[in-house]
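As structure tokens, the structure follows; a few thoughts come after it.
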Amino acid sequence: MATAQSMMEVQKKTRADKQRSWFEDAIFYQIYPRSFNDTNGDGVGDLGGILEKVNYLKSLGITALWLSPFFPSPMEDFGYDVSGYCDVDPIFGTLEDFDRLIRTCHSSDIKMVIDFVPNHTSQHHPWFVESRKNKTNPYADWYIWADPKPDGSVPNNWTCVTTGSAWTYVKARHQYYLHSFLSAQPDLNWRNPEVREAIFKAMRFWFERGVDGLRVDMIDFLIKDEFLRDEPDPDYRFKTSVRHMNQPQMRDIVADMHALAREYGDRVIIGEINSELSVAQTVSYYGKPGNRQMDVPFNFVLMRQPLEAAAINATLREFEELLPDHAWPNHTWGNHDVPRVATRFGVEKARLAALILLTLRGTPFLYYGDELGMEDVKLTRDQIQDPWEFRQPGRGRDPNRTPLPWTAGARNAGFSSVDPWLPVGADNEARAVDTQLGNSASLHTFYRDLIALRQATPALLKGDQKLLEAPKDVVAYERNLEGERCIVIVNLGTTPISPGSLPFGIKGCMFSTAGPEPAKHVSRVLDAGHGGIFSA
Numbered sequence: 007m008a009t010a011q012s013m014m015e016v017q018k019k020t021r022a023d024k025q026r027s028w029f030e031d032a033i034f035y036q037i038y039p040r041s042f043n044d045t046n047g048d049g050v051g052d053l054g055g056i057l058e059k060v061n062y063l064k065s066l067g068i069t070a071l072w073l074s075p076f077f078p079s080p081m082e083d084f085g086y087d088v089s090g091y092c093d094v095d096p097i098f099g100t101l102e103d104f105d106r107l108i109r110t111c112h113s114s115d116i117k118m119v120i121d122f123v124p125n126h127t128s129q130h131h132p133w134f135v136e137s138r139k140n141k142t143n144p145y146a147d148w149y150i151w152a153d154p155k156p157d158g159s160v161p162n163n164w165t166c167v168t169t170g171s172a173w174t175y176v177k178a179r180h181q182y183y184l185h186s187f188l189s190a191q192p193d194l195n196w197r198n199p200e201v202r203e204a205i206f207k208a209m210r211f212w213f214e215r216g217v218d219g220l221r222v223d224m225i226d227f228l229i230k231d232e233f234l235r236d237e238p239d240p241d242y243r244f245k246t247s248v249r250h251m252n253q254p255q256m257r258d259i260v261a262d263m264h265a266l267a268r269e270y271g272d273r274v275i276i277g278e279i280n281s282e283l284s285v286a287q288t289v290s291y292y293g294k295p296g297n298r299q300m301d302v303p304f305n306f307v308l309m310r311q312p313l314e315a316a317a318i319n320a321t322l323r324e325f326e327e328l329l330p331d332h333a334w335p336n337h338t339w340g341n342h343d344v345p346r347v348a349t350r351f352g353v354e355k356a357r358l359a360a361l362i363l364l365t366l367r368g369t370p371f372l373y374y375g376d377e378l379g380m381e382d383v384k385l386t387r388d389q390i391q392d393p394w395e396f397r398q399p400g401r402g403r404d405p406n407r408t409p410l411p412w413t414a415g416a417r418n419a420g421f422s423s424v425d426p427w428l429p430v431g432a433d434n435e436a437r438a439v440d441t442q443l444g445n446s447a448s449l450h451t452f453y454r455d456l457i458a459l460r461q462a463t464p465a466l467l468k469g470d471q472k473l474l475e476a477p478k479d480v481v482a483y484e485r486n487l488e489g490e491r492c493i494v495i496v497n498l499g500t501t502p503i504s505p506g507s508l509p510f511g512i513k514g515c516m517f518s519t520a521g522p523e524p525a526k527h528v529s530r531v532l533d534a535g536h537g538g539i540f541s542a
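Basically this note's numbering = 1-based index in the sequence shown + 6.
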């Protein structure tokens, strides 16, 4: 038997049901619309394609969708460069298509959260087209402009996320504009009250259209240093920025967004914050009772970890220790910006990752295709679409944004009747939806059954959580609600363990990565690379 791993007991209590919001019990599923399902034959997924597959999502057990951008955009960053906040880009459909989609989702008991991008617009947004003309037009101060230094160089040492200076010169104004991301994405000036009002008006537009929440993109970039001073460390990373982002006034804006959402009832604000932030920085965005900021500040800490017991145990311990009592956790292994789970950990170990994600206390976020074991697709240079790859080879996100395979053997695996914007990939086609539905051994069935168990088991859905002392290379924790105890054990080592011999009071196996039949024996032996949920 491996040596015991000493762990501080960390237990968090769950609030009474009457205080819970819908998102705390939700199973979120992120859809990248371009790659989900194409119904109009242009090689790009659309809102009609999502509508067509609502029953698929319902049968999987999904209770909330997060849609990546579908707004009008020149697609220089595939929708994160917005040229209109209150419409749908024709490539995805129409507002009427969106209305049909949200009605269908709601009738299927699926909530709808949409991406919202308030830090920057497209360079082709009418606001910026006017702003760049001169210093006297009505939109002159809607973006962050600064004069050159006396030698004509950039105003300060700030860099953009995609490398290089965060400033681009416009001759017509004899000034530079700030772009924290691509030069095609100028940053809005959130110190201008007119900008705030315009963005809040756009938020209201979508709440009045029925969305259940907004996932606010890069929310910690909204306010910059008022005097645009240099970062003290010229080699700063964004987690150490003291000028470019994370300014104190930004917290007031987030609180105002939260208050605006609450005007429409139980609507949620999910905030994307810098994925490099520490746990302490991340949980600070929950705010305080009576002064809430985000309902869900995205927790990227788990996403940064290897699938190793020491790293995961340390991460879970720290997160629960620092989480405010009024806050509800959230967890994810991936999204549209990072390599896929099956690529990072391997297809077989993807089951272990899913077991952890869907049994932890907190709201889980899945990325489309994770339930199939989709992997990143290797692309040739002429297939690359993402501008990040051209600026920083190796940082491109196309490989993890490829089309979902629906039907093995069909053209483009049933995603589209024409060549898609990115290839499906042969390995992913072999994992098509139709090959996994009804297959008791498939990863899709594993996800479906695990989600169903979570939603039907109060202790897993909303119980307290306590990390347990376990053998080395093992992750173990207890979920407990009013005496109903579930023990989750994941063996990430190389030798079998005996769950029944551990001092957890195990009675039987409820669910196992080994499948339904082997689960009968898992209480006696849990093989390396397997995990289970046990009654106690």
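Where a beta carbon is used, it is the ideal one built from N, C-alpha and C, also for glycine.
Computed from a predicted model, the values in this text were never measured in an experiment.
As assigned by DSSP and simplified to three states, the class of residue i
| i | result |
| --- | --- |
| Asp433 | helix |
| Asp231 | coil |
| Met263 | helix |
| Phe84 | coil |
| Pro370 | strand |
| Thr349 | helix |
| Ile493 | strand |
| Cys515 | strand |
| Pro477 | strand |
| Asp193 | strand |
| Gly54 | helix |
| Leu71 | strand |
| Ala65 | Here the sequence assigns Ser to residue 65, which means Ala is not the residue at that position. Helix at Ser65. |
| Val553 | Limits of the chain in this structure are 7 at one end and 542 at the other, which puts residue 553 out of reach. |
| Ser290 | helix |
Exposure of residue i, with buried meaning 16 or more beta-carbon neighbours within 10 Å
| i | result |
| --- | --- |
| Arg530 | exposed |
| Leu449 | buried |
| Asn140 | exposed |
| Val480 | buried |
| Ala534 | exposed |
| Cys92 | exposed |
| Ala286 | exposed |
| Glu200 | exposed |
| Asn336 | buried |
| Arg491 | buried |
| Val248 | exposed |
| Asp388 | exposed |
| Phe540 | buried |
| Glu354 | exposed |
| Asn445 | exposed |
| Gly431 | buried |
Beta-carbon separation (whole angstroms), residue i vs residue j, contact threshold 8 angstroms
| i | j | result |
| --- | --- | --- |
| Leu66 | Tyr453 | 7 angstroms |
| Leu498 | Glu237 | Actually they are not in contact, since the Cβ atoms of Leu498 and Glu237 sit about 39 angstroms apart, beyond 8 angstroms. |
| Val4 | Pro78 | The question about residue 4 has no answer, for the chain in this structure spans 7 to 542. |
| Leu194 | Trp148 | 6 angstroms |
| Leu474 | Met516 | Contact flag wrong, Cβ pair sits at about 17 angstroms. |
| Asp52 | Leu467 | In fact, because the Cβ distance is near 33 angstroms, the residues do not count as touching under 8 angstroms. |
| Arg346 | Asn406 | 5 angstroms |
| Ile37 | Ile116 | Between Ile116 and Ile37 the Cβ distance is about 11 angstroms, and since that is not below 8 angstroms, they are no contact. |
| Thr110 | Val50 | That pair is no contact at about 21 angstroms. |
| Ala333 | Tyr292 | 4 angstroms |
| Lys513 | Ala482 | Not confirmed; about 16 angstroms, so no contact. |
| Trp151 | Arg179 | 6 angstroms |
| Thr127 | Trp133 | 6 angstroms |
| Gln471 | Leu428 | So it is not a contact: roughly 39 angstroms between Cβ atoms. |
| Tyr35 | Leu57 | Not really, about 15 angstroms apart at Cβ, beyond 8 angstroms. |
| Glu326 | Thr349 | Between Thr349 and Glu326 the Cβ distance is about 28 angstroms, and since that is not below 8 angstroms, they are no contact. |
Candidates the options: closest to residue i by CA position
| i | options | result |
| --- | --- | --- |
| Lys230 | Asn162, Tyr270 and Phe29 | Asn162 |
| Trp394 | Pro96, Tyr62 and Gly170 | Gly170 |
| Pro502 | Glu484, Glu488, Asn486 and Pro477 | Pro477 |
| Pro370 | Gln461, Arg249, Trp151 and Leu228 | Gln461 |
| Pro96 | Asn46, Leu322 and Asp239 | Asn46 |
| Gly85 | His131, Asp44 and Ala436 | His131 |
| Asp44 | Asn252, Tyr242 and Pro411 | Pro411 |
| Glu232 | His250, Asp223, Thr246 and Gly219 | His250 |
| Leu361 | Val289, Gly521 and Tyr242 | Gly521 |
| Ala267 | Leu228, Leu220 and Pro254 | Leu220 |
Chain C within 8 angstroms of residue i, Cβ atoms only
| i | result |
| --- | --- |
| Leu364 | This model lacks chain C altogether; it includes just one protein chain. |
Between the stretch 336 to 348 and the stretch 493 to 511, can you find at least three pairs of beta-carbon atoms closer than 8 angstroms?
no
Are the stretch 27 to 34 and the stretch 81 to 88 touching by the rule of at least three beta carbon pairs closer than 8 angstroms?
no
Is there contact between the stretch 100 to 113 and the stretch 214 to 226, where contact requires at least three CB pairs shorter than 8 angstroms?
yes
Would the stretch 296 to 314 and the stretch 271 to 285 be scored as touching if the rule is three or more Cβ pairs under 8 angstroms?
yes
Could you tell me whether the stretch 415 to 423 touches the stretch 399 to 407, using the rule of 3 or more Cβ pairs below 8 angstroms?
no
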